[in-house]
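Below: one structure, written as structure tokens.
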Amino acid sequence: MYRRKHRSAGESPPRGVRQNGAMQLTARHVFEASCDRVFAMVTDPSFLLQACRDLGALSETIRVEPTDVGAITDVEADVEVPGPLATFAGPTSRVVERMEWGPADADGARSARFSIKVVGLPVTVDAVARLAPIPGGCAVDYKGTLAVKVPLIGPVIEKQAAPFVLETLDVQQQTGNAWLASH
1 MYRRKHRSAG ESPPRGVRQN GAMQLTARHV FEASCDRVFA MVTDPSFLLQ
51 ACRDLGALSE TIRVEPTDVG AITDVEADVE VPGPLATFAG PTSRVVERME
101 WGPADADGAR SARFSIKVVG LPVTVDAVAR LAPIPGGCAV DYKGTLAVKV
151 PLIGPVIEKQ AAPFVLETLD VQQQTGNAWL ASH
């Protein structure tokens, strides 16, 4: 399993905070590239495949569908389940990530509806990703909710699952930095 050891300069640490009966997740990824270049990267099947490999996926299926205004990316990956979550979920799970990118604004900014589901388990992430220019490049800000619909123990599982979900997002930051440096 990929383990991240440090954060890039300018990158805020991801957070998971339980509020209003749900786990609220936020993360920020900063790239030294234009919005157009980062959008092209995050909708490139080769990049998505590399991110799966960097995560340690055991197998993956990737689909990218251009739309009139953006793109839809679907990534399905079999991943090892970390530590205490394995007791609940088993040693591996199939994770399905979907990003539905909308049109670019005049400055290249755009948003995506972002979801993660764990096949066969009542675990979902519903979020928005916002790609926007900043001085020296662009940032992708993620904001959403992690929900585990299991009576009584759902909040406990959410607390254990949040770092895993955020680490999965962090892999895209690391893979993205390497990708942009080599492409």
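According to UniProt numbering, the residues represented by the sequence shown are 1 to 183, in order. Backbone N, C-alpha and C fix where the C-beta goes; we use that ideal spot for every residue, glycine too.
Asked                                                                                                                                                               : Found
For Gln172, which residues from the same chain have a beta carbon less than 6 Å from its beta carbon, with the 5 sequence-adjacent residues on both sides left out? : Ala51
Tell me whether Glu76 sits in a helix, a strand or coil according to DSSP, three-state version.                                                                     : strand
Give me the DSSP bridge partner(s) of His183.                                                                                                                       : Beta-bridge pairing links His183 to no other residue.
Where do the ends of the beta strand (DSSP E) carrying Pro45 lie?                                                                                                   : Not the beta strand (DSSP E): Pro45 falls in the alpha helix (DSSP H), residues 45 to 55.
Can you have a look at residue 257 and say buried or exposed, based on whether 16 or more other CB atoms are within 10 angstroms of its CB?                         : Nothing can be reported for residue 257, as the shown portion of the chain is limited to 1 through 183.
Mind checking which residues open and close the beta strand (DSSP E) that includes Val42?                                                                           : Element bounds for Val42: not the beta strand (DSSP E) but the alpha helix (DSSP H), 35 to 42.
So what's Ala104 in DSSP terms, helix, strand or just coil?                                                                                                         : coil
If we count the other Cβ atoms within 10 Å of its Cβ and call it buried at 16 or more, is Ser59 buried or exposed?                                                  : exposed
Does the beta-carbon distance from Leu25 to Gly176 come in below 7 Å?                                                                                               : no
What is the rounded straight-line gap between the Cα of Trp179 and the Cα of Thr43?                                                                                 : 13 Å
Taking the CB atoms as reference points, tell me whether Gly102 and Gly70 lie closer together than 7 Å.                                                             : yes
Determine, using beta carbons only, whether Arg94 and Val119 come nearer to each other than 7 Å.                                                                    : yes
Using a 10 Å radius around the Cβ and a threshold of 16 neighbouring Cβ atoms, would you call Glu158 buried or exposed?                                             : buried
Sorted by chain position, which residues of the same chain lie with C-beta nearer than 7 Å to Pro133's C-beta, five sequence neighbours on each side aside?         : Cys35, Asp107, Gly108, Ala109
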